[in-house]
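See below for the structure under consideration.
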Amino acid sequence: MRRIAILLCSALLCAQAQSPSSKKPFTPDIPKVWDDAAMASIELPRAAKVDVRPLSSAYYYTIPERTLWKTYPVYAPGKEPKGYWEWLQRQEPQVAVDFDKLKTEEDWIKAGSIVFDSANTYGPPDKGFMPVRDPGWWQAVNPPTTPEGIMPFESYVIREKGKVEVATDACAECHTRVMPDGKVIRGAQGNVPFGQMFAYAIHNIPEKTPAAPFNDVFYAAPWIKPDPSLPLGGGGIKPFHDQLASLPQGVNPRQGTSLLYPIQIPDLIGVRDRLYLDRTGLEQNRNIADLMRYDAINNFIQEITSYDGFIPNNDPGDTKLPDAKTQTRDSDRALYALAMYLYSLKPPENPNKFDALAAKGQKVFTREGCPKCHTPPLYTNNMLTPVEGFKVTDEAKANYRIMPVVVGTDPYNALNTRRGTGFYKVPSLKGVWYRGPFGHNGEVATLEDWFDVHRLDENYVRTGYRGYNLKSSAVPGHEYGLDISPEEKQALITFLKTL
Ligand code: HEC
Ligand code: HEC
Numbered sequence: 344m345r346r347i348a349i350l351l352c353s354a355l356l357c358a359q360a361q362s363p364s365s366k367k368p369f370t371p372d373i374p375k376v377w378d379d380a381a382m383a384s385i386e387l388p389r390a391a392k393v394d395v396r397p398l399s400s401a402y403y404y405t406i407p408e409r410t411l412w413k414t415y416p417v418y419a420p421g422k423e424p425k426g427y428w429e430w431l432q433r434q435e436p437q438v439a440v441d442f443d444k445l446k447t448e449e450d451w452i453k454a455g456s457i458v459f460d461s462a463n464t465y466g467p468p469d470k471g472f473m474p475v476r477d478p479g480w481w482q483a484v485n486p487p488t489t490p491e492g493i494m495p496f497e498s499y500v501i502r503e504k505g506k507v508e509v510a511t512d513a514c515a516e517c518h519t520r521v522m523p524d525g526k527v528i529r530g531a532q533g534n535v536p537f538g539q540m541f542a543y544a545i546h547n548i549p550e551k552t553p554a555a556p557f558n559d560v561f562y563a564a565p566w567i568k569p570d571p572s573l574p575l576g577g578g579g580i581k582p583f584h585d586q587l588a589s590l591p592q593g594v595n596p597r598q599g600t601s602l603l604y605p606i607q608i609p610d611l612i613g614v615r616d617r618l619y620l621d622r623t624g625l626e627q628n629r630n631i632a633d634l635m636r637y638d639a640i641n642n643f644i645q646e647i648t649s650y651d652g653f654i655p656n657n658d659p660g661d662t663k664l665p666d667a668k669t670q671t672r673d674s675d676r677a678l679y680a681l682a683m684y685l686y687s688l689k690p691p692e693n694p695n696k697f698d699a700l701a702a703k704g705q706k707v708f709t710r711e712g713c714p715k716c717h718t719p720p721l722y723t724n725n726m727l728t729p730v731e732g733f734k735v736t737d738e739a740k741a742n743y744r745i746m747p748v749v750v751g752t753d754p755y756n757a758l759n760t761r762r763g764t765g766f767y768k769v770p771s772l773k774g775v776w777y778r779g780p781f782g783h784n785g786e787v788a789t790l791e792d793w794f795d796v797h798r799l800d801e802n803y804v805r806t807g808y809r810g811y812n813l814k815s816s817a818v819p820g821h822e823y824g825l826d827i828s829p830e831e832k833q834a835l836i837t838f839l840k841t842l
């Protein structure tokens, strides 16, 4: 038993020694998440005009709060400690956080780490959405694991003694990266094979089954004519499945984006300093309350939000809000702890030292005008750039930080999705050494590819996200740093990898 306890402790990154300063009493001033005025102004207007009506706070606060159950690690087949599964069956259900007992800032951050691992959805371990005890699943999904064999994207949970379930949809699912040496970076651009997981979950459905029920919840945008999600969502499940199965790690078909144009998973390390959230800058990040609101909206209020009468989670034509009791939400305290945890995330130690080559690269970076947009020390100017074909309104110019430069990358996500604002934000370049793929759709695997001039050609074979039925396609736009010598390119990339 003790052995299992030790294993669990190392797996769950149990409390590290605390510094004396973290022991100071801390009484947080927890903002109200669902404040009607703040909710009315947090989002930018959609590029494809639609009347988006945030829920009322009266409705929101009648949604029951989620219970934060204790979670347990999932091991790869053959790596599970002897007796672990049987031990799990004997565990009593345990609530992982008692907010009334939190005393220090460190306590709140630790509670936030638990919220980061907590599920919104539970399922059986051998079938359904996340059958992590099915060997076929491991073969099809092949997720990265730690040297101990832990798959850190999902976890087991016990809500009823003797019934071990898989907890899914936790922040950790997408925002965790397993490095090639097995080290886990929490909060980094995740490398969960999410497309393969989703594809496996639907691989047994008969080919002719309509994709619409899945498509409507996640991607439909019926106020745009024709609905841009129809190429994959308007027919049978087969192309929908094949597209999911083709997605590389590091991009995600997040709800509100597109299955045709899945979006790069952002690095959450440093999120506090960003003024806009999402690649399209859909949500402002004016203070900690806005970050809490972002988390509430995306897990999963967005799906019961009315887009001019279209509610993604409803049956077609049903414009009524679901009974609040059928939904769940995190408490304001849980969202506050989560935001504190996100604020506390630090990048791992960078093995790339700033040497003579990096110094040369820094000069190239300055000479090529990169700092105008990727301004040190954040390596972003925290501004939005309009996409080709989008007319910026005077109101937007007055209210948001807009740079009147079009970088020319693919405009689809900015124009044709629920999250589309007409803009892409200037992303920070910090941490590019431990992440990838790059581009808002993760179109290229490496920085070398991002600065490869051949990516502008129609016959370019993409190294990142490509699409299930496309052999080649250009990665247009952002032509900065493409026409420099190979030596300078190498120096520039060496510099970027020190950030
Ligand atoms: C299924 C995968 C998935 C899950 C689960 C998930 N996220 Fe994300 N998250 C994404 C993707 C993909 C984006 C990028 C969306 C975009 O750019 O439009 C994102 C964006 C974000 C952003 C915006 C960051 C930025 O710089 O733009 C924050 C903050 C965030 N997620 C926090 C969370 C938290 C907290 C949780 C848990 C409550 C969570 N996410 C759960 C995939 C996921
Ligand atoms: C006019 C503003 C601007 C300039 C100048 C600029 N960038 Fe960018 N950069 C952007 C924007 C905007 C994006 C995101 C585009 C998108 O989402 O489609 C981006 C994306 C990137 C990315 C991909 C990051 C990721 O995670 O996907 C890298 C790397 C990058 N830029 C490096 C550079 C370098 C190096 C230079 C100079 C040679 C440079 N940029 C010049 C605005 C700029």
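Note that the sequence shown covers residues 344 to 842 in the working numbering. Beta carbons are placed, not taken as given, at the ideal position from N, Cα and C, and that holds for glycine. Note that the coordinates shown come from a computational prediction; the quantities given were computed from them, not determined experimentally.
For ALA510, three-class secondary structure by DSSP: In the displayed model, ALA510 falls within a strand according to three-state DSSP.
Ligand 1 heavy atom lying under 7 Å from the CB of GLU516: With a threshold of 7 Å, the Cβ atom of GLU516 counts as near ligand 1, since some heavy atom of the ligand is closer than that.
Member of TYR823, MET473, VAL500, TRP793 whose CA lies at the smallest distance from the CA of ALA817: Restricting attention to TYR823, MET473, VAL500, TRP793, the CA atom closest to the CA of ALA817 is found in TRP793.
Sub-8 Å separation of SER589 and GLY533 beta-carbons: It is not a contact, given that the beta carbons lie outside the stated cut-off.
With 16 other Cβ atoms within 10 Å as the buried cut-off, status of ASP658: Exposed: under 16 other Cβ atoms inside 10 Å.
Cβ neighbours of GLY599 in the same chain (closer than 7 Å, five flanking residues each side left out): Cβ within range, chain order: GLN645, THR760, ARG761, ARG762.
Contacts around ALA513, its chain only, beta-carbon distance under 6 Å, and the 5 residues preceding and following it disregarded: Result list for ALA513: ASP460, SER461, ALA462, in chain order.
Identified DSSP bridge partners for THR728: Answer by DSSP bridge pairing, in chain order: TYR767.
Residue range of the alpha helix (DSSP H) that includes THR464: In the DSSP assignment, THR464 falls outside any alpha helix (DSSP H) and lies within the beta strand (DSSP E) extending over 464-466.
Range covered by the alpha helix (DSSP H) that runs through VAL748: No alpha helix (DSSP H) holds VAL748; DSSP gives it neither H nor E.
Helix, strand or coil at GLU423 according to DSSP, with G and I counted as helix: DSSP places GLU423 in the coil class of the three-state scheme, outside both helix and strand.
Contact between the region 678-691 and the region 433-451 (3+ Cβ pairs under 8 Å): At 8 Å Cβ cutoff, the stretches touch.
Proximity below 8 Å, CB of GLY466 to CB of THR511: Taking the C-beta atoms as reference points, THR511 is found nearer than 8 Å to GLY466.
Start-end ranges of the alpha helix (DSSP H) lying completely within the region 677-718, minimum 4 residues: Counting only runs of 4 or more, we get 699-710.
Among THR837, LEU790, PRO780, ASP795, the one whose alpha carbon lies nearest that of PRO605: The shortest C-alpha separation from PRO605 is found at PRO780.
Residue of ALA419, ASN742, ILE608, LYS551 minimising C-alpha distance to CYS517: The shortest C-alpha separation from CYS517 is found at ILE608.
LYS425 beta carbon near ligand 2 (any heavy atom closer than 7 Å): Answer for LYS425: no, Cβ out of range of ligand 2.
With 16 other Cβ atoms within 10 Å as the buried cut-off, status of LEU813: LEU813 is exposed by the Cβ-count criterion.
Rounded Cβ spacing between THR519 and VAL509 (contact assumed at less than 8 Å): About 16 Å separates the beta carbons of THR519 and VAL509, which is beyond the 8 Å limit, so they are not a contact pair.
8 Å Cβ cutoff, ILE406 in contact with chain C: In the structure shown, chain C cannot be found, because there is only a single protein chain.
Host alpha helix (DSSP H) of THR837 (start-end): Unbroken alpha helix (DSSP H) run through THR837: 829-839.
Alpha-carbon spacing of LYS832 relative to VAL440, whole angstroms: Straight-line Cα distance between these residues: approximately 49 Å.
Exposed unless 16 or more other CB atoms sit within 10 angstroms - verdict on SER771: Buried, since its Cβ has 16 or more Cβ neighbours within 10 Å.
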